[in-house]
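In what follows, a structure is listed as structure tokens, so that the remarks can point back to it.
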Amino acid sequence: CTLDCYGAGAGGTRNIAGNANLHLLLESELANLHHMDGALVFTSCYVANDATLSTLASKLPGCVIFSDAANHASMIQGIRHSKAVKKIFRHNDVSHLEELLQTVDPAVPKIIAFESVYSMSGSIAPIDDICNLAKKYGAITFLDEVHAVGMYGPRGAGVAEHLDFELNATKPVRGNGAIMDKVDIVSGTLGKAFGVVGGYIAGSEALIDMIRSYAPGFIFTTSLPPAVVSGALTAIQYLKTSTRERQLQQLNTRLLKARLAELDIPVVPNPSHIVPVLVGEAEVCKRASDQLLREHNIYVQSINSPTVATGEERLRITPTPGHDLAMLNELVGALEQVWQRNSFKRVSDWVSDGGRAGVGIPGMKKVEPIWTDKQLDVGAGIADEAAIAQIGVAA
Numbered sequence: 061c062t063l064d065c066y067g068a069g070a071g072g073t074r075n076i077a078g079n080a081n082l083h084l085l086l087e088s089e090l091a092n093l094h095h096m097d098g099a100l101v102f103t104s105c106y107v108a109n110d111a112t113l114s115t116l117a118s119k120l121p122g123c124v125i126f127s128d129a130a131n132h133a134s135m136i137q138g139i140r141h142s143k144a145v146k147k148i149f150r151h152n153d154v155s156h157l158e159e160l161l162q163t164v165d166p167a168v169p170k171i172i173a174f175e176s177v178y179s180m181s182g183s184i185a186p187i188d189d190i191c192n193l194a195k196k197y198g199a200i201t202f203l204d205e206v207h208a209v210g211m212y213g214p215r216g217a218g219v220a221e222h223l224d225f226e227l228n229a230t231k232p233v234r235g236n237g238a239i240m241d242k243v244d245i246v247s248g249t250l251g252k253a254f255g256v257v258g259g260y261i262a263g264s265e266a267l268i269d270m271i272r273s274y275a276p277g278f279i280f281t282t283s284l285p286p287a288v289v290s291g292a293l294t295a296i297q298y299l300k301t302s303t304r305e306r307q308l309q310q311l312n313t314r315l316l317k318a319r320l321a322e323l324d325i326p327v328v329p330n331p332s333h334i335v336p337v338l339v340g341e342a343e344v345c346k347r348a349s350d351q352l353l354r355e356h357n358i359y360v361q362s363i364n365s366p367t368v369a370t371g372e373e374r375l376r377i378t379p380t381p382g383h384d385l386a387m388l389n390e391l392v393g394a395l396e397q398v399w400q401r402n403s404f405k406r407v408s409d410w411v412s413d414g415g416r417a418g419v420g421i422p423g424m425k426k427v428e429p430i431w432t433d434k435q436l437d438v439g440a441g442i443a444d445e446a447a448i449a450q451i452g453v454a455a
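Residue numbers (our numbering): 61 to 455.
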């Protein structure tokens, strides 16, 4: 029906011929998802981040951008293109961020740019603390929820929503006193949990109008095809009401991390759905990835420098709701074979070497998952396998 009514392509830019009712419906849905006044859809979230940060900072005289050291390349490029002064704070280090904020005149416009879930480590930002600092020092918050939308929160709005899970589940509106209210600008993707392609920002009406009017990355590019927009709209509406997929992903993640821990295979500790398996050398990491694909028909991407620090090369695994127990067991068995065959370092070996990337570091506290048993509808003492089966049957 979408193809018959709208055609395969958008036919032009949003400001000329490529603006269909579907695009407006999608933006309204995204604004509602994030409790914002408006939203703006882009061809990708790389473009959304680049266009928004470069345009916003360039239009604020003397603007200074405070950027997390682990931010995505799209945010880094946007900051560069803005030509604004930038100050980089250590990853998730709120104290260092405040030190840097104190060096800037209170009257100077400021933006704090950070992510909710960092995809290479699985770490989660202290969103509330950063937002409180932003209010204290008069800064705008720009939160990238790319690796969280659809996967966190009672309605899939991301980590900011998840941090007040019960409140946002019962009263999903702006002004309810949740952490979401403290975030000024959110960016997200339509290409991961929502299953299509594209990116977006959500924020105030004034911000959306400004980016729509001045951002070349929005103005001068063909808009998303109507069929893609319709698919995104349907996916968002579905995941707003269905928590089954989020619960299954988190339970699969818990189970995989537990199984790997039993085998002493090193996983970088984190509270999210990302499972980074530490290898430690680029050539060796590539070999592991190749062996998994060639010999076990399992694709796991190797992550090397400069994406991660030299010596912290890793395999990045992301369980999905579509992975079943047989698949997880097959993956664990394949990883164990690769580790044995190549004599890769295990957690105990990293301990002997003093640890790296959170693995094998003496005295390091256990990192608890951000999803609680209550949020997962898991009763006390129920094994992950049983919980996965229970949710699957309930669907």
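Glycine included, C-beta positions come from ideal geometry on N, C-alpha and C.
Between S118 and S142, which are expected to be in contact by the criterion C-beta below 8 Å, what is the C-beta distance as a whole number of angstroms?
-> Looking up residue 118 in the sequence shown gives position 58. Looking up residue 142 in the sequence shown gives position 82. 5 Å between Cβ atoms; contact.
Measure how close the beta-carbons of E87 and N131 come, nearest whole angstrom, since I'm counting them as under 8 Å.
-> For the purposes of this step, residue 87 is identified with residue 27 of the sequence shown, where counting begins at 1. For the purposes of this step, residue 131 is identified with residue 71 of the sequence shown, where counting begins at 1. That belief does not hold up - the Cβ atoms of E87 and N131 are roughly 25 Å apart, past 8 Å.
Pick from R406, V328, D409 and M387 that is closest to K426, judged by C-alpha positions | As a first step, residue 426 must be located in the sequence shown, where it is residue number 366. Checked all of R406, V328, D409 and M387; the closest Cα to K426 is V328.
Per DSSP, the bridge partner or partners of Q361 | Here residue 361 corresponds to residue number 301 of the sequence shown, with the count starting at 1. Partner residues in the beta bridge of Q361, as assigned by DSSP, are R376.
Where the beta strand (DSSP E) through L32 begins and ends = For the chain, the structure presents residues 61 to 455; residue 32 sits outside this window and is missing.
Can you tell me which of the three DSSP states A455 falls into?
-> Working through the sequence shown from its first residue, we reach residue 455 at position 395. At A455, the pLDDT of 47 sits below 50, so the modelled position is not reliable; the number obtained from the coordinates is stated separately. Looking at A455 - three-state DSSP - the assignment turns out to be coil, as it is neither helix nor strand.
Decide if D413 is buried, meaning its Cβ has at least 16 other Cβ atoms within 10 Å, or exposed.
-> Locating residue 413 in the sequence shown gives position 353, counting from the first residue. Exposed, because fewer than 16 other Cβ atoms sit within 10 Å of the Cβ of D413.
Same chain only: Cβ atoms within 7 Å of S408, ignoring 5 sequence neighbours per side = Here residue 408 refers to the residue found at position 348 of the sequence shown. Excluding residues within five positions, the ones whose Cβ falls inside 7 Å are D324.
Three CB pairs or more closer than 8 Å across the segment 165-182 and the segment 334-344 | By the C-beta criterion, the segment 165-182 is judged to be in contact with the segment 334-344, since at least 3 inter-stretch pairs fall below 8 Å.
Could you check what DSSP says for D204 in three-state terms: helix, strand or coil?
-> Along the sequence shown, read from residue 1 onward, the residue named residue 204 stands at position 144. In the three-state reduction of the DSSP assignment, D204 falls in the strand class, which pools E and B.
Could you tell me which residues DSSP pairs with E175 in its beta bridges?
-> Within the sequence shown, the letter at position 115 stands for residue 175. Checking the DSSP bridge columns, you'll see E175 partnered with D204.
CB-CB length for L157 against F126, believed under 8 Å = By 1-based counting over the sequence shown, the position of residue 157 is 97. By 1-based counting over the sequence shown, the position of residue 126 is 66. Here L157 really is in contact with F126; their C-beta atoms are around 6 Å apart, less than 8 Å.
Which one or two residues does DSSP pair with V256 in a beta bridge?
-> Numbered from 1 along the sequence shown, position 196 holds the residue referred to as residue 256. Paired residue(s): none; V256 is not in a bridge.
Below-8 Å beta-carbon distance, L100 vs any chain B residue = Protein chain content of the structure displayed is limited to a single chain, and chain B is not contained in it.
Kindly list the residues whose CB is nearer than 7 Å to the CB of E343, restricted to its own chain and excluding five residues on each side of it in sequence; keep chain order.
-> Locating residue 343 in the sequence shown gives position 283, counting from the first residue. If we look at E343 and ignore the five residues flanking it on each side, it has no Cβ neighbours.
Are the beta-carbon atoms belonging to E355 and R416 less than 8 Å from one another?
-> Indexing the sequence shown from 1 puts residue 355 at position 295. Indexing the sequence shown from 1 puts residue 416 at position 356. Cβ distance not < 8 Å, so E355 and R416 don't count as in contact.
To which residues does DSSP link A99 through a beta bridge?
-> In the sequence shown, the residue the question calls residue 99 occupies position 39. Beta-bridge pairing by DSSP links A99 to A262.
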